[in-house]
Structures are given as C-alpha cells and as structure tokens.
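In my numbering, the protein residues as written are 18 to 176. Yeah, the Cβ is synthetic: ideal placement off N, Cα and C, and Gly gets one too.
Next comes the structure, spelled out in structure tokens:
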C-alpha cells in the first residue's frame with residue numbers, strides 16, 4: 018500500500034474535523050453558492066491545491082474506504098481570486114461560458130464597425146472592457162477568420 022497514492026498532497030491527518038473546515042460535499046455546495054461551478058468531485062483536491070485552499074484529512078471510522086479530505090473554508094479574497102482566474106482561463110467551466118460571450122461580442126463589434134475603423138487589437142480591447150475579462154487580438158483573429166473571412170478587408174489593417 019503506497020501512502021503517497023491516497024495522500025498525494027502530504028496532508029496532515031486529524032482525529033476529527035475542526036471548525037472552519039468543510040467536507041467535500043459542503044465544499045462543493047459552498048463554491049456553488051458563490052457562483053463557482055465545479056464539474057468533477059474527484060478533482061477537488063487538485064482544485065483546492067491550485068487555489069491555495071488548505072486541506073487536511075480526517076480518520077474515518079472503520080477500516081474500509083479512503084481517508085476523507087476536508088477543506089478550509091475559503092475567505093472572500095480567495096473566492097474573488099478563484100473567480101478571476103476562472104474567468105480568464107478558457108478551459109474552466111466559467112471560462113468556457115465567457116469564451117462564448119467573447120466570441121459573440123467580437124462579431125457584434127465587427128459587424129457594427131464602420132469600414133477601416135477597427136483593428137483586431139481595438140476590437141479585443143472593446144470586448145475586454147465590455148465583459149471585464151481578458152481578450153486579445155489572437156482570439157479576435159481566430160473568430161473573424163472562422164466567421165467573417167470574406168469581410169476581413171473591413172478591418173483597418175489586414176495582416
């Protein structure tokens with residue numbers, strides 16, 4: 018039996034759950050309440066580790082099953098950081114939703130623009146401003162190449 022396998026983060030094992038800590042289920046509910054979507058329970062320790070949320074393990078009654086992980090309740094600053102980093106990561110659940118909005122916004126701005134007034138960078142800046150998330154000219158380029166390839170001469174400069 019490899020001790021590293023069931024405790025990859027080298028967590029401290031406690032007799033019982035201290036106050037200020039949540040079980041996995043409580044932790045997921047807590048995150049959902051704060052508009053942080055979680056898709057997979059089995060990724061919770063990795064999620065907590067990458068977001069600097071303290072974890073410990075508690076000894077379970079009986080000899081079967083894994084040792085449950087408990088999570089320190091995140092403070093409001095941590096919640097803000099998690100939301101920010103998820104918004105700007107196109108692979109997170111939140112990021113994927115925002116990516117759709119970003120793409121729609123790119124097309125909307127491009128379609129409304131007068132001829133030769135906008136560049137990819139200026140469109141990216143407007144998208145970022147209106148949605149409050151990062152957006153760069155590479156995303157704008159990808160979206161326009163895919164959806165508006167016949168109208169690219171509308172841009173101020175074509176590269």
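Rounded to the nearest angstrom, the gap between the Cα atoms of residue 154 and residue 61 is 33 Å.
Here residue 86 is bridged, per DSSP, to 74.
Taking a C-beta distance under 8 Å as the contact criterion, residue 90 and residue 39 qualify as a contact pair. Closest option to residue 149, judged by alpha-carbon separation, among 164, 173, 165 and 112: 112. Just so you know, the alpha carbons of residue 151 and residue 100 end up roughly 13 Å apart.
Just so you know, the alpha carbons of residue 136 and residue 88 end up roughly 46 Å apart.
Non-local beta-carbon contacts of residue 143 in its own chain, meaning distances under 7 Å to residues more than five positions away in sequence, involve 126 in chain order. One thing to note: residue 110 has its Cβ within 8 Å of the Cβ of residue 56. Around residue 32, the same chain offers 75 and 76 as residues with beta carbons nearer than 8 Å, after the five sequence neighbours per side are excluded. Excluding the 5 residues flanking it on each side, residue 54 has same chain C-beta neighbours closer than 7 Å at 110 and 111, in chain order.
Of the candidates 98, 48 and 28, the residue whose Cα lies closest to the Cα of residue 71 is 28.
According to DSSP, residue pairing for residue 30 in a beta bridge involves 74. In this structure, residue 115 places its C-beta atom within 8 Å of the C-beta atom of residue 104.
For residue 98, the enclosing alpha helix (DSSP H) stretches over residues 93–104. By the neighbour-count criterion, in which a residue is buried when 16 or more other Cβ atoms sit within 10 angstroms of its Cβ, residue 65 is buried.
Residue 51 and residue 58 have their C-alpha atoms some 17 Å from each other.
Distance from the CA of residue 168 to the CA of residue 26, rounded to the nearest whole angstrom, comes to 52 Å.
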